[in-house]
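Inspection log for the structure reproduced underneath, given as structure tokens.
In the UniProt record's numbering, the protein residues as written are 1 to 126.
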């Protein structure tokens, strides 16, 4: 009986270790999929969205480093949801909440490369 209990504990610990290793590999895989994107970012109390310049697809935004929201607020807009031009580094992932499910996907921002009130001419011009 004692050997049986030890075997169960061993199997449980092995399962926990395998799960922990799998999560680490997934996080490293997401970091290796980092891409640079250019587009328009809008922020307000109920929505954080990013519209890609090249095809106008709209994405929900998760600001993993909390730098994008801070940079947006530092631009000093009087009203929320004013679009700004941004260049970001991040990765796309499946939208997994009720709010973000209305969007094509979710952009997880890892780094803010540029943020500006000036929207350049071309595909990003409104």
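Just so it is clear, CB atoms sit at the ideal spot from N, CA and C, and this is done for glycine as well. The model shown is predicted, which means the values in this text are computed figures rather than measured ones.
When DSSP assignments are scanned along the UniProt domain "NlpE C-terminal OB" (35 to 117), the uninterrupted stretches of alpha helix (DSSP H) that are 4 or more residues long and fall wholly within it turn out to be 67 to 74. Sequence-distant partners of residue 125 (beyond 5 residues in either direction) whose C-beta falls short of 7 Å from its own C-beta, in its chain, are 119. The alpha-carbon separation between residue 66 and residue 49 amounts to approximately 14 Å. Rounded to the nearest angstrom, the gap between the Cα atoms of residue 86 and residue 46 is 20 Å.
Taking each of 97, 116 and 110 in turn and checking the Cα distance to residue 42, the smallest one comes out for 116. Of the candidates 38, 71 and 34, 38 places its Cα closest to the Cα of residue 121.
Taking 8 Å as the cut-off, the beta carbon of residue 89 is found closer than this to the beta carbon of residue 36.
Annotation for residue 72: 41, 43, 84 and 115 place their beta carbon closer than 8 Å to its own, counting only its chain and skipping 5 residues before and after. The straight-line gap separating the alpha-carbon atoms of residue 93 and residue 54 is approximately 19 Å.
In this structure, the straight-line span from the alpha carbon of residue 107 to that of residue 76 is close to 24 Å.
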